[in-house]
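**Student:** Have a look at the structure that comes next, please.
2 protein chains.
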Amino acid sequence: MKVGILGSGDVARSLAKGFVGRGDNVRLGTRDPSSASLVSWAKEIGPNVSLGSLADAAEFGELAVVATRGSAVPEVLRLAGPKNLVGKVVIDVTNPLVFRENAPPSLSVGHDDSAGEQVQRALPGAHVVKAFNTVGNSLFVHPKLPGGPPDMFICGNDAQAKATVTKVLKDFGWPTVDIGGIEGSRLLEPMCILWVLSAMSLGSWEIAFKILRPAAKA
Amino acid sequence: MKVGILGSGDVARSLAKGFVGRGDNVRLGTRDPSSASLVSWAKEIGPNVSLGSLADAAEFGELAVVATRGSAVPEVLRLAGPKNLVGKVVIDVTNPLVFRENAPPSLSVGHDDSAGEQVQRALPGAHVVKAFNTVGNSLFVHPKLPGGPPDMFICGNDAQAKATVTKVLKDFGWPTVDIGGIEGSRLLEPMCILWVLSAMSLGSWEIAFKILRPAAKA
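Chains as they are written, first to last, in our numbering: chain C, 27 to 244; chain H, 27 to 244.
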């Protein structure tokens, strides 16, 4: 599959590596595709990753991923071009974080709206699926944790798009819990803050949520 | 310990049973302490549970628990009498649920406020700790689930009060994750809805959250 990733930070790079490991062709879209550190990173990953503008990556991908800082999302989607994403599955990995001095991050939106819904409204022709936002990027691909695997919560309005993302997550080593429409982002984004506070409380960032459930009946 | 429980539904009764099992003396406070079904339930539990008015229960408890429907909380606290709870640990188990036809419940408050904070504001002299709101009452006491035990998220402004609740939870079979001040309820209340949606998705209400973490270093 051809995958366009919007963003070039740690989250974007972890996902790119995961998709390449799955046999996909990845284009990373960024405002500065000639950045030396990015070029050297891409060389390391190999021939199945390429760099381009945000619009390049959006056009390239059969599936796209929004993987930038939360505050950058509106501008990134504008530069990517909503018309380049029409009819496509778009995974929204972002959290609408507000960073504060000497305090954990908070959310810029919530309760009656969410970043996931904002992304869906900005890309009315795309099928947005929220995923990967309730765990750190070090655990995105084949997380190894005692008692694992953890569960990935997803939501989105299009069942077919969620089936595609469920398959990707399965290949990444994650079972999924589908909590319904994209408005479920109102629940999954607070969970990102809960993840941060839990990590601080437990003294490790290598943590992930799991839903314990009864043993399957024979 | 003497425990006053405000409420008389399934959540209140499950907690009462848990406290009695731990050796505590429980008084259940309700608007109608002579209700036949409640009297017969109390008889079944034994001599360590008694029934009374909401004010009776609040006065009786060294520790109190708010365990009513979310929409009833302001009136229940008014009837219990904030002066009866001054200086006490108060566990807030409630969720500010809005029930809708043909749809899962939603929250009446969130993002920049929460039921937990409302309870703390209504009881300025008490030490409110949010707990037991992210799991169903059938799992409150010694939950038996493969891969368990699950984790209980708690928050509150007073460290000593959280230590008391952590001890109670330990006796109930739950490790705790302390996520900070009572404003953490803004995260734990959405998690109740996530619990409902996950239960619907997984086809079981006997589910609970756990945080997977790296193995402890030797």
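C-beta: ideal position from N, C-alpha, C; glycine also. None of the values given here were measured: they were computed from a predicted structure.
1. Which chain H residues are close to residue 219 of chain C, counting only those with a beta carbon under 8 Å from its beta carbon?
2. Mind checking which residues open and close the beta strand (DSSP E) that includes residue 129 of chain C?
3. Is the beta carbon of residue 208 of chain H less than 8 Å from the beta carbon of residue 143 of chain H?
4. From the DSSP output, read off the bridge partner residues of residue 90 of chain H.
5. Quick one: is residue 9 of chain H near chain C, going by C-beta distance under 8 Å?
6. Which residues, in chain order, does the segment 227 to 239 of chain H contribute to contact with chain C at a C-beta distance below 8 Å?
7. Give the range of the beta strand (DSSP E) segment to which residue 53 of chain H is assigned.
8. On the DSSP letters alone, give me the boundaries of the alpha helix (DSSP H) that residue 173 of chain C sits inside.
9. Is DSSP giving residue 185 of chain H helix, strand or coil here?
10. Can you name the residues that DSSP bridges to residue 126 of chain C?
11. Taking buried to mean at least 16 other C-beta atoms within 10 Å of its own C-beta, is residue 82 of chain C buried or exposed?
12. Check whether the Cβ of residue 122 of chain H lies closer than 8 Å to any Cβ atom in chain C.
13. Using a Cβ-Cβ distance under 8 Å, would residue 203 of chain C count as near chain H?
14. Does residue 233 of chain H come out as helix, strand or coil in the three-state DSSP assignment?
15. Should residue 180 of chain C and residue 188 of chain C be called a contact, given that it needs their Cβ atoms to be closer than 8 Å?
16. DSSP puts residue 153 of chain H in a beta bridge; with which residues?
17. Going by Cα to Cα distance, which pick from H:70, H:34, H:53 and H:41 is closest to residue 61 of chain H?
18. Got a sec, what are the start and stop residues for the alpha helix (DSSP H) residue 204 of chain H sits in?
19. Is the beta carbon of residue 172 of chain C within less than 7 Å of some heavy atom of the ligand FAD?
20. Touch check for the segment 102 to 121 of chain H and the segment 60 to 75 of chain H: three-plus C-beta pairs under 8 Å?
21. Distance, Cα to Cα, residue 152 of chain C vs residue 63 of chain H?
22. Anyone know if the C-beta pair for residue 93 of chain C and residue 32 of chain C falls short of 8 Å?
23. Are the segment 209 to 219 of chain C and the segment 152 to 162 of chain C touching, with three or more C-beta to C-beta distances below 8 Å?
24. If we call anything under 8 Å between Cβ atoms a contact, is residue 123 of chain C one with residue 133 of chain C?
25. On the criterion of 16 or more Cβ atoms from any shown chain inside 10 Å, does residue 240 of chain C qualify as buried, or is it exposed?
26. May I have the straight-line CA-CA distance separating residue 225 of chain H from residue 203 of chain C, to the nearest angstrom?
27. So, using beta-carbon positions, are residue 166 of chain H and residue 40 of chain H closer together than 8 Å?
28. Flag this pair as yes or no: are the beta carbons of residue 106 of chain H and residue 80 of chain H separated by less than 8 Å?
29. Let me know if residue 186 of chain C comes out buried or exposed under the rule of 16 or more other beta-carbons within 10 Å of its beta-carbon.
30. At the level of alpha carbons, what is the spacing between residue 137 of chain H and residue 176 of chain C?
31. CA-CA distance, residue 113 of chain C and residue 84 of chain C?
32. Can you find a CB in chain C that lies within less than 8 Å of the CB of residue 100 of chain H?
33. Measuring alpha carbon to alpha carbon, tell me which of C:86, C:28, C:154 and C:222 ends up nearest residue 205 of chain H.
34. Leaving out five residues before and five after residue 53 of chain H in sequence, what residues of the same chain have Cβ atoms less than 6 Å from its Cβ?
35. Any beta carbon from chain C within less than 8 Å of residue 76 of chain H's own beta carbon?
**Tutor:** Taking the definition as stated:
1. In the first sequence, the residue the question calls residue 219 of chain C occupies position 193. Per Cβ cutoff of 8 Å: 213.
2. Here residue 129 of chain C refers to the residue found at position 103 of the first sequence. Counting along the chain, the beta strand (DSSP E) containing residue 129 of chain C begins and ends at 129 to 133.
3. By one-based count along the second sequence, residue 208 of chain H stands at place 182. By one-based count along the second sequence, residue 143 of chain H stands at place 117. Result yes, Cβ atoms of residue 208 of chain H and residue 143 of chain H sit closer than 8 Å.
4. Mapped onto the second sequence, residue 90 of chain H falls at position 64. Paired residue(s): H:30 and H:116.
5. Nothing about residue 9 of chain H can be read from this structure; chain H reaches only from 27 to 244.
6. 227, 228, 230, 232, 233, 234, 235, 236, 237, 238 and 239
7. For the purposes of this step, residue 53 of chain H is taken as residue 27 along the second sequence, with counting starting at 1. It spans 51 to 55 - the beta strand (DSSP E) in which residue 53 of chain H sits, taken as one unbroken run.
8. Taking the first sequence and counting its residues from 1, one reaches residue 173 of chain C at position 147. Run containing residue 173 of chain C: none; DSSP gives neither H nor E here.
9. By one-based count along the second sequence, residue 185 of chain H stands at place 159. If DSSP states are grouped into helix, strand and coil, residue 185 of chain H belongs with the helices.
10. Position 100 of the first sequence, counting from 1, holds the residue named residue 126 of chain C. According to DSSP, residue 126 of chain C bridges with C:129.
11. Translated into the one-based positions of the first sequence, residue 82 of chain C becomes position 56. Burial call: buried.
12. Taking the first residue of the second sequence as position 1, residue 122 of chain H is located at position 96. With 8 Å as the cut-off, residue 122 of chain H does not count as an interface residue toward chain C.
13. The count along the first sequence starts at 1 and reaches residue 203 of chain C at position 177. It does; some Cβ of chain H falls within 8 Å.
14. Position 207 of the second sequence holds residue 233 of chain H. Three-state result, residue 233 of chain H: coil.
15. Taking the first residue of the first sequence as position 1, residue 180 of chain C is located at position 154. Taking the first residue of the first sequence as position 1, residue 188 of chain C is located at position 162. For residue 180 of chain C and residue 188 of chain C, yes; Cβs fall inside 8 Å.
16. In the second sequence, counting from the first residue as 1, residue 153 of chain H sits at position 127. Bridge partners of residue 153 of chain H: H:115.
17. Locating residue 61 of chain H in the second sequence gives position 35, counting from the first residue. Here the closest residue by C-alpha is H:34.
18. Here residue 204 of chain H corresponds to residue number 178 of the second sequence, with the count starting at 1. It is not in any alpha helix (DSSP H) - residue 204 of chain H instead sits in the beta strand (DSSP E) that spans 202 to 204.
19. Judged by which ligands are present, the structure shown has none, so any question about the ligand FAD falls away.
20. Because the criterion of three Cβ pairs below 8 Å is not met, the segment 102 to 121 of chain H and the segment 60 to 75 of chain H do not touch.
21. For the purposes of this step, residue 152 of chain C is identified with residue 126 of the first sequence, where counting begins at 1. For the purposes of this step, residue 63 of chain H is identified with residue 37 of the second sequence, where counting begins at 1. If I take the Cα positions, the gap works out to 54 Å.
22. By one-based count along the first sequence, residue 93 of chain C stands at place 67. By one-based count along the first sequence, residue 32 of chain C stands at place 6. Contact flag set, yes.
23. yes
24. Taking the first sequence and counting its residues from 1, one reaches residue 123 of chain C at position 97. Taking the first sequence and counting its residues from 1, one reaches residue 133 of chain C at position 107. Yes, these two residues count as a Cβ contact at 8 Å.
25. The count along the first sequence starts at 1 and reaches residue 240 of chain C at position 214. Answer is exposed; the Cβ neighbour count stays below 16.
26. As a working mapping, residue 225 of chain H is identified with position 199 in the second sequence. As a working mapping, residue 203 of chain C is identified with position 177 in the first sequence. Going from the Cα of residue 225 of chain H to the Cα of residue 203 of chain C covers about 9 Å.
27. Indexing the second sequence from 1 puts residue 166 of chain H at position 140. Indexing the second sequence from 1 puts residue 40 of chain H at position 14. Contact: yes.
28. Position 80 of the second sequence, counted from the start, is the residue given in the question as residue 106 of chain H. Position 54 of the second sequence, counted from the start, is the residue given in the question as residue 80 of chain H. Going by C-beta atoms, residue 106 of chain H is nearer than 8 Å to residue 80 of chain H.
29. Sequence index remark: in the first sequence, residue 186 of chain C carries index 160 (1-based). Exposed, since its Cβ has fewer than 16 Cβ neighbours within 10 Å.
30. For the purposes of this step, residue 137 of chain H is taken as residue 111 along the second sequence, with counting starting at 1. For the purposes of this step, residue 176 of chain C is taken as residue 150 along the first sequence, with counting starting at 1. Their Cα atoms are separated by approximately 26 Å.
31. Along the first sequence, read from residue 1 onward, the residue named residue 113 of chain C stands at position 87. Along the first sequence, read from residue 1 onward, the residue named residue 84 of chain C stands at position 58. Their backbone Cα atoms lie some 12 Å apart in a straight line.
32. Taking the second sequence and counting its residues from 1, the one referred to as residue 100 of chain H is at position 74. No, no contact with chain C.
33. Reading the second sequence from its first residue, position 179 is the one you call residue 205 of chain H. The option with the nearest alpha carbon to residue 205 of chain H is C:222.
34. Here residue 53 of chain H refers to the residue found at position 27 of the second sequence. Within the same chain, residue 53 of chain H has close Cβ partners 30, 76, 78, 83 and 86.
35. For the purposes of this step, residue 76 of chain H is taken as the residue at position 50 of the second sequence. Answer no: the Cβ-Cβ gap between residue 76 of chain H and chain C never drops below 8 Å.
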